[in-house]
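Mind the numbering: the sequence shown is residues 3 to 311 in the numbering used here, read in order.
A virtual CB, placed ideally from N, CA and C, is assigned to each residue, including glycine.
The structure displayed is predicted, hence computed values, not measured ones.
Below is one structure, written out as structure tokens; comments come after it.
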Amino acid sequence: MSEDLVLEVEGLRKTFHIGFFRKRVEAVRRASFSVRRGEIFGLLGPNGAGKTTTIKSILRLIFPSEGEIRIFGRPAGDREAAKRIGYMPENPYVYQYLKPLEFLDLCGRLVGMPLDDRRHRSEVMIDKVGLRHAVDRPIGKFSKGMMQRIGLAQALLHDPELLILDEPMSGLDPIGRKEVRDVLLEQRARGKTLLFTSHILSDVELLCDRVVIMQRGEITSEGNVHDLLESTGHRVEIRLSGASKTLRDSLASRSAIVEAGDGYLTLRAEGQQAVDEILRISSAAGARLDAMIPERQTLESLFLQDAGR
């Protein structure tokens, strides 16, 4: 099982001391999680939750106060492990006067890629992230969305086994998000492992196999996306016709009435037992069942509930 773990984070804690009086701020508090080979893993949370601090600790851009991090079974900061990682920061920094191919060539040189490989991979990445139309334009003239694309291109350039992406969808329009999602899914299909953060929860729900949710530096929820959403309860919208006022009053104590009119009734029931009871009472009262629609909780509603707690 340990051979399938690409990233292991155990008891991570990071404390900053800021300001003249060295105020103590705990950015990450005893965070533990693991990322398996070949999966897309989401690190979620509001601004200030500790996501970027966690990523920077994994990459050794900052040093944790406590905890242990292993990448491909090696300690974080190990050179051999670092060669197998591609990283895209939330705000990619580039030399403004360089053109896309020049920038990618520089990135390839920094990771030790041979000249021919750099040239070939740079051309491939430009097409993959949709920047061919801007290949002769200085990066300083790029929009926010185009900057995200070139940031993704450099992260993919050396064909890493582990991709760590901080807000890769930021600044992209719906078409750009779809294109980036396709790129990420293609990487997973090739056996790559991805860890990324995002505030666009609909994209996370479409992409991720597992997620953790962080609040104020702590992990508050963790698990398979499907299981997290299914565990929130069985909620069903029931639509009835031929419902009398007596039936309406009887059902009001067992469910939430969404809409009521002359002979029709729409209500929402929580849990299979409540659904069965409503159907039994309605049938006995002579009402007709027009529709029964299961409601599936979204990752966004789960996220908001978690934040509320």
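Discussion item. So for GLN274, helix, strand or coil by DSSP?
Written reply: helix
Fill in: Cβ shell of MET3 (< 6 Å), same chain only, five flanking positions each side left out
Bear in mind that the predicted position of MET3 carries a pLDDT of just 49, short of 50, making it too unreliable to give a figure here.
Worksheet entry | Segments assigned beta strand (DSSP E), at least 3 residues, entirely inside the stretch 124-180 | 164-168
Worksheet entry | Residue from PRO162, LEU159, GLU188, GLY153 whose Cα sits closest to the Cα of MET171 | GLY153
Worksheet item: Taking the C-alpha atoms as reference points, what is the distance between ASP138 and PRO102?
Response: 7 Å
Practice prompt. Look at the alpha carbon of GLY225 and the alpha carbon of ARG212, and state the distance between them as a whole number of angstroms.
Written response: 5 Å
Discussion item. I need the straight-line Cα distance from ILE295 to VAL206, nearest angstrom please.
Written reply: 24 Å
Worksheet item: Should GLY110 and GLU70 be called a contact, given that it needs their Cβ atoms to be closer than 8 Å?
Response: no
Item to complete: Report the rounded CA-to-CA distance for PHE105 versus SER223, giving the unit in angstroms.
Response: 39 Å
Worksheet item: If SER67 sits next to THR17, beta carbons under 8 Å apart, how far is it from one beta carbon to the other, in whole angstroms?
Response: 5 Å
Worksheet item: Which residues mark the beginning and the end of the alpha helix (DSSP H) in which SER34 is found?
Response: Taken as a continuous stretch (DSSP letters only), SER34 belongs to no alpha helix (DSSP H), being part of the beta strand (DSSP E) at 25-38.
Worksheet item: Cα separation between TYR99 and SER145?
Response: 14 Å
Worksheet item: For ASP292, which of helix, strand or coil comes out of DSSP?
Response: strand
Worksheet item: With DSSP run on the structure shown, which of helix, strand or coil describes LEU63?
Response: In the structure shown, LEU63 adopts coil according to DSSP, grouped into three states.
Worksheet item: Taking Cβ to Cβ, would you say ARG250 is nearer than 8 Å to ASP292?
Response: no
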